[in-house]
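Under UniProt numbering, the first residue of the sequence shown is numbered 1, with each subsequent residue one higher. Presented below is the structure to which this report refers.
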Amino acid sequence: MGLFLSTFVNKVDRKGRVSVPASFRATLSVQPFQGIIAYRSFAHACIEGCGMDFMERLSDSAQNLDAFSPEHDDLSALIFADARQLAWDPEGRILLPEDVMAHAGITEAAAFVGKGQTFQIWEPESYRAAEAEIRARALANRPTLPLRPKAPSQEPR
1 MGLFLSTFVN
11 KVDRKGRVSV
21 PASFRATLSV
31 QPFQGIIAYR
41 SFAHACIEGC
51 GMDFMERLSD
61 SAQNLDAFSP
71 EHDDLSALIF
81 ADARQLAWDP
91 EGRILLPEDV
101 MAHAGITEAA
111 AFVGKGQTFQ
121 IWEPESYRAA
131 EAEIRARALA
141 NRPTLPLRPK
151 APSQEPR
């Protein structure tokens, strides 16, 4: 699996079409579905984006929750029921649904923000404000990330 890196701002046309960054398309092109999976973020005023492989991993993880529990029901409604398969056209554009655009406040431009295995789509000014908050919080908290060595190769002896 490739990673989604960097931030790209692309114009949104009157019909709600926006170009998916070429590097994001390249990361997703190894999957059978040629497009993105998108759903409204329940944590931010943005759109969460990923490939089908990530959605499958989320679904597998959801199996650890008790069936019919409030947590399982909430996760299903917030992610799986809201998820849209947005195929790109020959020019590499997707059509953002109106309700998804409204949730993120996207009108004329969209910022594609790489998050490693996933990405987000923001209204550019909203993302700039969120990014400033993230940077201020990081400066105050100085988060660290443990780097784990790669697992040894399982080559036959």
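C-beta: ideal position from N, C-alpha, C; glycine also.
Environment of residue i [buried if 16+ CB atoms lie within 10 Å]
| i | result |
| --- | --- |
| valine 12 | buried |
| glutamine 120 | buried |
| arginine 128 | exposed |
| threonine 144 | exposed |
| threonine 107 | exposed |
| leucine 41 | It should be pointed out that residue 41 corresponds to serine in this sequence rather than to leucine. The residue is buried, with at least 16 neighbouring Cβ atoms inside 10 Å. |
| leucine 139 | exposed |
| glutamate 123 | buried |
Own chain partners of residue i with C-beta closer than 6 angstroms, once the 5 adjacent residues on each side are dropped
| i | result |
| --- | --- |
| alanine 62 | Leu75 |
| cysteine 50 | Ile37, Thr118 |
| leucine 95 | Gly16, Arg17 |
| leucine 86 | Gly35, Ile36, Ala38, Ile94 |
Best match in the options for proximity to residue i [C-alpha to C-alpha]
| i | options | result |
| --- | --- | --- |
| leucine 78 | Pro143, Val100, Leu86 | Val100 |
| leucine 3 | Asp60, Ala136, Thr107, Gly114 | Gly114 |
| methionine 55 | Ser29, Asp73, Glu123, Arg84 | Arg84 |
| valine 9 | Asn64, Ser69, Ala109 | Ala109 |
| arginine 142 | Asn64, Phe80, Ile134 | Ile134 |
Cβ-Cβ separation, residue j to residue i (assumed contact under 8 angstroms), whole Å
| i | j | result |
| --- | --- | --- |
| threonine 7 | alanine 132 | Between alanine 132 and threonine 7 the Cβ distance is about 14 angstroms, and since that is not below 8 angstroms, they are no contact. |
| glutamine 31 | aspartate 60 | The pair is not a contact, with the Cβ atoms about 16 angstroms apart (cut-off 8 angstroms). |
Proximal residues to residue i (C-beta, below 8 angstroms), its chain only, five neighbours per side dropped
| i | result |
| --- | --- |
| serine 126 | Ala45, Cys46, Ala104, Gly105 |
message: When you compare the segment 88–96 with the segment 2–20, are there three or more beta-carbon pairs, one atom per stretch, that lie closer than 8 angstroms?
response: Yes, since at least three Cβ pairs between the segment 88–96 and the segment 2–20 fall closer than 8 angstroms, the two stretches touch.
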